[in-house]
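First residue of the sequence shown: 19, per the numbering used here; consecutive thereafter. Using N, Cα and C, we set each Cβ at its ideal position, and we do this for glycine too. Just so you know, these numbers come straight off a predicted model, no measurement behind them. Taking it in order: structure first as structure tokens, then the write-up.
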Amino acid sequence: MGENGEMSRLKTREHGEMTRPGAAAAASASSSSSSDALVKENSVSGSIKDSPETLDSLHRLLEFHLPAPVFEEVSRLLLGLNGGKVVAKFPLPEVVGGMASTSKFDIQAYSFTAAKEELRPPQLVRIGLIQNSIVLPTTDPLLDQKRAIMGRVGTIIDAAGVAGVNILCLQEAWIMPFAFCTREKSWCEFAEVINGESTKFLQEKAKKYNMVIISPILERDEAHGSTIWNTAIVIGNNGNILGKHRKNHIPRVGDFNESTYYMEGNTGHPVFETVYGKIAVNICYGRHHPLNWQAFGLNGAEIVFNPSATVGELSEPMWPIEARNAAIANSYFVGAINRVGTEVFPRPFTSGDGKPAHKDFGHFYGSSYIAAPDSSCTPSLSRYRDGLLVAEVDLNLCQQVKDN
Ligand SMILES: NC(=O)NCCC(=O)O
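Here it is as structure tokens:
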């Protein structure tokens, strides 16, 4: 029961109006039975693990269950403070919210501030991250699978364009299922040359929205023996190709059998000078290796993106820590992106670890977020749904943190 005797309610974009169980716990016995049922359904002792609604994100779970003043304090402790305040929500044009609800993807937007300086103007940049699931079953023709993902992600890119995003990063190997668990060679067909179909598609979007786009794909280097790499292509805001970075550390752990397909990259730790700032890409497994993060920082990066594909009990507790720690340790912004969903493959596979043969990799838990050098960070996107995360940042914060 709230102070004014009414059941406390909160609104969320996706779920509409919901009863807040934390407040409902104190409600009188006269509460409606439907509220009681909802409380029970979402209670920790209930089937919480099976409930995408409550475990959609840690932040939403807390918002749903805690009384508002407690949630505010918890947010402060969990997400830190930027300019003395929890990272503020950033208002996007209404039409962007409409695009998200029509096309059913999570959308969240925040802004990070920096102190006003006397000698430098603010360096405001709008960063966007897209996380997505595959669209068609892995048994469908490969070209159909790829084009369906491109169509879906294209819709979300359009929303990012309307939201005024300047630099957008997609997830690791975004045009395909993360099929490297299978060790089957047929998935190599998804590999594209640097100026292949997906690059051409994104070059048009980059030009249309004056946007830098980072496109992590499976690369086939036709000029050098058709070698395959795990590569992020950096497309400039004029649709030009600024360069590429190849994944530095390749996992051979659990079902991440990636070294069957490609080996450690040979591009070092490049930083790309875009019109919006200096950016770098630390692809997925590279986030466990602090020297990667440090090298990008020493080479001058102001924003480092970490496009990923990760699952599992070991990975998820580390996820909110590693990219955030990198932002703190190296005085730059980090955008961490993970794919979403459970991808099932046609034939069972094993990974030499004694586990029974299985057909899926486990759940890719999404949860993309943006972390700032002052230790503050955004809440994460959904653990289940495609999403677009937008943050307006002032790059002056990087130097200010170093000076401090
Ligand atoms: N894609 C990838 O490198 N995954 C490795 C697992 C992890 O880093 O959590």
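- With a threshold of 16 other beta carbon atoms within 10 Å, G359 meets it and is buried.
- The residue among V105, P140, P111, A118 with its C-alpha nearest the C-alpha of Q417 is P140.
- In this structure, P391 lies away from A319, with their beta-carbon atoms at least 7 Å apart.
- Contact check for E222 and G257: beta-carbon distance about 7 Å, within the 8 Å limit, so the pair qualifies.
- For R144, the closest C-alpha among the options A127, A132, G315, P155 is that of A127.
- Nearest to I193 by C-alpha distance, out of K420, A177, K164, is K164.
- The alpha-carbon separation between S386 and S394 amounts to approximately 15 Å.
- In the structure shown, E361 adopts extended strand secondary structure according to DSSP, grouped into three states.
- In the three-state reduction of the DSSP assignment, E410 falls in the strand class, which pools E and B.
- According to the DSSP secondary-structure assignment, N256 is paired through a beta bridge with no residue.
- Around the beta carbon of D74, a 10 Å sphere encloses 16 or more other beta carbons of the protein chains shown; the residue is thus reported as buried.
- Boundaries of the alpha helix (DSSP H) harbouring G116: 112-120, taken from the DSSP string.
- Collapsing the DSSP output to three states places L415 in a helix.
- When C-beta atoms of the stretch 303-315 are compared with those of the stretch 333-352, three or more pairs fall below 8 Å, so the two segments count as touching.
- For the options F219, T157, E136, the alpha carbon positioned closest to that of R170 is the one of F219.
- Annotation: the continuous alpha helix (DSSP H) that includes S93 extends over 86-97.
- The three-state secondary structure of Q141, taken from DSSP, is coil.
- In this structure, the C-beta of F208 stays at least 6 Å away from each heavy atom of ligand 1.
- Beta-bridge annotation (DSSP): Q149 is paired with G405.
- From the listed residues V408, D273, L97, A354, the smallest Cα separation to A197 is found for D273.
- Between the stretch 401-412 and the stretch 366-384, the count of C-beta pairs closer than 8 Å reaches three or more; the two stretches touch.
- Secondary structure of W192 (DSSP, three-state): coil.
- Put simply, the backbone Cα of C199 is about 17 Å away from that of K265.
- Within the same chain, Cβ atoms closer than 6 Å to the Cβ of E276 are found at F198, I268, P269, the five residues on either side in sequence being excluded.
- Distance from the CA atom of G182 to the CA atom of Y227, rounded to whole angstroms, is 8 Å.
- With a cut-off of 6 Å, the C-beta of A197 is classified as distant from ligand 1, since no heavy atom of the ligand falls inside that distance.
- Excluding residues up to 5 positions away in sequence, E237, D239, R264, Y280, G283 lie with their Cβ nearer than 7 Å to the Cβ of W247 in the same chain.
- DSSP assignment within the stretch 292-372 yields the following whole alpha helix (DSSP H) runs of 4 residues or more, N-terminal first: 308-316, 333-348.
- Close to ligand 1, as judged by a C-beta nearer than 5 Å to any of its heavy atoms, are the residues P269, F274, C302, Y303, A327, T328, S333, in chain order.
- Between I232 and V211, the C-beta gap is not smaller than 7 Å, which leaves the two residues out of contact.
- Judged by beta-carbon spacing, L186 lies within the 7 Å limit of G146, meaning their Cβ atoms are closer than that value.
- When C-alpha distances from E202 are compared across L413, N422, P366, N414, the shortest belongs to P366.
- With 16 or more neighbouring CB atoms inside 10 Å of its own CB, S349 falls in the buried class.
- Residue ranges of uninterrupted beta strand (DSSP E) with 3 or more members, entirely inside the stretch 200-280 and ordered along the chain, are 230-239, 245-253, 259-264.
- DSSP, reduced to helix, strand and coil, places L73 outside both helices and strands of the structure shown, so it counts as coil.
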